[in-house]
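Residue numbering for the sequence shown follows this note's numbering, starting at 87 and increasing by one per position.
Glycine included, every Cβ here is placed at the ideal spot set by N, Cα and C.
Read through the structure below, which is laid out as structure tokens, and then see the notes.
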Amino acid sequence: MRAALTRPPGVHRDVVLRPPAVAMAFLGEGLPHEAVAVPGVALGEHEVLVAVELSTVCGSDVHTVQGRRAATVPLVLGHESVGRIVAVGDGGARCAEGSELAVGDRVVWSVTASCGTCDRCAAGIPQKCRSLAKYGHERIAPHAELNGAFASHVQLKPGTTIVRVPEQLPAAVAAPASCATATAWAAVARAGAIRPLQGARVRVHGAGLVGISAAAIAAEQGAVVDVRDPDAARAAQAEEFGAAGFDGAPDIVIEASGHAVQVALAEVEVGGVVVLVGSVFPAPPVPLDAESIVRRLVTVAGVHNYTGAELAGAVGFLSGAGRAYPFAAAVGAVHPLTDLDGAIRAAAAPGAPLRIGVAAH
87 MRAALTRPPG
97 VHRDVVLRPP
107 AVAMAFLGEG
117 LPHEAVAVPG
127 VALGEHEVLV
137 AVELSTVCGS
147 DVHTVQGRRA
157 ATVPLVLGHE
167 SVGRIVAVGD
177 GGARCAEGSE
187 LAVGDRVVWS
197 VTASCGTCDR
207 CAAGIPQKCR
217 SLAKYGHERI
227 APHAELNGAF
237 ASHVQLKPGT
247 TIVRVPEQLP
257 AAVAAPASCA
267 TATAWAAVAR
277 AGAIRPLQGA
287 RVRVHGAGLV
297 GISAAAIAAE
307 QGAVVDVRDP
317 DAARAAQAEE
327 FGAAGFDGAP
337 DIVIEASGHA
347 VQVALAEVEV
357 GGVVVLVGSV
367 FPAPPVPLDA
377 ESIVRRLVTV
387 AGVHNYTGAE
397 LAGAVGFLSG
407 AGRAYPFAAA
417 VGAVHPLTDL
427 DGAIRAAAAP
437 GAPLRIGVAA
447 H
């Protein structure tokens with residue numbers, strides 16, 4: 087037992103935390119989160135310790151707590167955050183654009199940490215790295231308690247993309263960048279690599295935060311955008327994010343709900359593109375009319391998570407053209423970290439805002 091409690095191998099910088107850091111451990115469906123005190127960390131080479139400013143509750147967090155998504159417990163959930171660097175390990179660390187990171191930098195970070203050298207990383211899909219680690223998804227272990235966003239601090243591993251965010255960017259806008267906005271950016275980029283967005287008719291299914299973010303991003307790139315959602319209030323809200331509607335079949339469909347895949351495949355125009363991004367939960371298989379896909383020259387692409395460059399692109403959008411859209415209003419009430427269970431209940435309630443905030447300090 088004693089060996090499991092020794093410091094991990096490698097070069098470390100001991101960082102004492104007073105008061106101790108707090109991580110909220112998820113123990114299983116139906117059980118309240120439990121606070122875990124972490125009085126210090128052994129910060130490895132090129133690692134970064136961030137004090138969390140604000141986190142937001144993603145739909146996948148809700149699904150995990152409800153037992154609809156598999157999880158190895160105990161773990162610290164949460165993967166949408168903005169925070170400030172409080173310590174940097176030996177050897178330093180660099181942000182996405184290559185400059186040295188420093189204590190005091192305000193940052194967001196990728197949901198994944200990748201090795202950078204395996205065949206998948208070399209092929210440009212580091213989010214599917216052979217040795218992938220994901221924040222908010224890993225089991226708590228000795229020296230690895232601060233690996234999820236529902237905590238006062240997060241310890242970032244080498245291979246994590248870290249992006250500085252402007253001081254004037256509201257925390258409610260910055261926090262979801264590391265999941266919803268970056269995923270939306272990746273989906274639009276995938277479509278745009280196949281079919282130019284300028285003048286294209288883009289339909290988005292699902293007016294959640296990924297969907298409305300994709301709508302705004304596509305609109306800023308010259309597309310005419312239509313957003314569909316069975317929730318009339320959410321569909322109406324999409325108009326504030328660039329949705330205007332159009333006649334005729336869409337040239338590009340971004341399926342961000344997970345519930346309209348068959349519709350998306352059937353409705354897209356000849357030569358069109360369908361990007362599937364919302365199917366991230368168990369669901370019945372969708373029938374595929376292969377002949378129709380072939381004869382209509384339809385391209386179907388799947389997007390899951392994003393690359394570091396896409397996270398940087400999302401932050402650039404939010405800091406620039408994205409300021410024209412009311413992203414801050416997408417976050418409703420902000421709960422203290424100690425009321426994480428209340429925050430998750432609020433996020434799961436009918437008619438909930440697109441995001442609920444969790445303030446760590």
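field: Best match in R287, Q213 and G178 for proximity to D333 [C-alpha to C-alpha]
entry: Per the Cα distances, R287.
message: Measuring only the C-alpha atoms, how far is V444 from C144?
response: Between the alpha carbons of V444 and C144 lies a gap of roughly 11 Å.
field: M87 classed as buried or exposed, judged by whether at least 16 other C-beta atoms fall within 10 angstroms
entry: In this prediction, M87 scores a pLDDT of 29, lower than 50, which makes its location untrustworthy; the coordinate-derived value is nonetheless stated afterwards. Result: exposed.
query: Secondary structure at A446, three-state DSSP: helix, strand or coil?
result: Residue state, collapsed to three classes: coil.
message: Within the continuous alpha helix (DSSP H) that includes R206, where are the two ends?
response: Membership of R206 in the alpha helix (DSSP H) is indicated by the continuous run D205 to A208.
task: Could you give the DSSP three-state label for T158: helix, strand or coil?
output: In the three-state reduction of the DSSP assignment, T158 falls in the coil class.
task: Please name the residue in A346, P368, T393 and P436 whose C-alpha comes closest to that of A209.
output: Nearest C-alpha to A209: T393.
Counted within 10 angstroms of its Cβ, other Cβ atoms place H447 as buried (16 or more) or exposed: Under the 10 Å beta carbon count, H447 is surrounded by fewer than 16 other beta carbons and is classified as exposed.
- request: Quick one: grab the DSSP three-state call for T393.
  value: DSSP places T393 in coil when its eight states are reduced to three.
task: Return the residue from the list A179, R154, L163 and G294 that minimises the CA-CA distance to A322.
output: Selected option, being the one with the closest Cα: G294.
query: Quick one: does V372 have its CB under 9 Å from some CB of chain C?
result: In summary, chain C is missing from the structure at hand, where a single protein chain is found.
- prompt: What are the partner residues of Q241, as DSSP defines its beta bridges?
  reply: The partner list for Q241 (beta bridge, DSSP) reads L135.
message: Looking at the strands, I want to know which residues DSSP matches up with I340.
response: I340 is bridged to V290 and V361.
query: DSSP puts V449 in a beta bridge; with which residues?
result: Outside the displayed range of the chain (87 to 447) lies residue 449, so it cannot be described from this structure.
message: Quick check on this structure: which residue in T424, F413, D100 and V102 has the alpha carbon closest to the alpha carbon of A258?
response: Nearest of T424, F413, D100 and V102 to A258, Cα basis: F413.
task: Please state whether DSSP places E120 in a helix, a strand or coil.
output: Of the three classes helix, strand and coil, the one that applies to E120 here is strand, per DSSP.
task: Pull up the distance between the alpha-carbon of Y221 and that of V148, whole angstroms please.
output: When rounded, the distance between both Cα atoms is 15 Å.
- request: Within the same chain, show all residues whose beta-carbon is closer than 6 Å to that of A398, passing over the 5 residues directly before and after it, in chain order.
  value: Around A398: A182 and V249.
message: Suppose contacts are defined by Cβ-Cβ distances below 9 Å. Is V28 in contact with E120 by that definition?
response: With the chain covering 87 to 447 only, the question about residue 28 has no answer from this structure.
- prompt: For R192, which three-state DSSP category applies?
  reply: DSSP places R192 in strand when its eight states are reduced to three.
message: What ranges does the beta strand (DSSP E) occupy inside the segment 254-320, keeping only unbroken runs of at least 3 residues that lie completely in it?
response: 287-291 and 310-314, all fully within the segment 254-320.
- prompt: Is it true that the CB of V417 sits closer than 9 Å to the CB of P252?
  reply: No, the pair does not count as a contact, with Cβ atoms beyond the cut-off.
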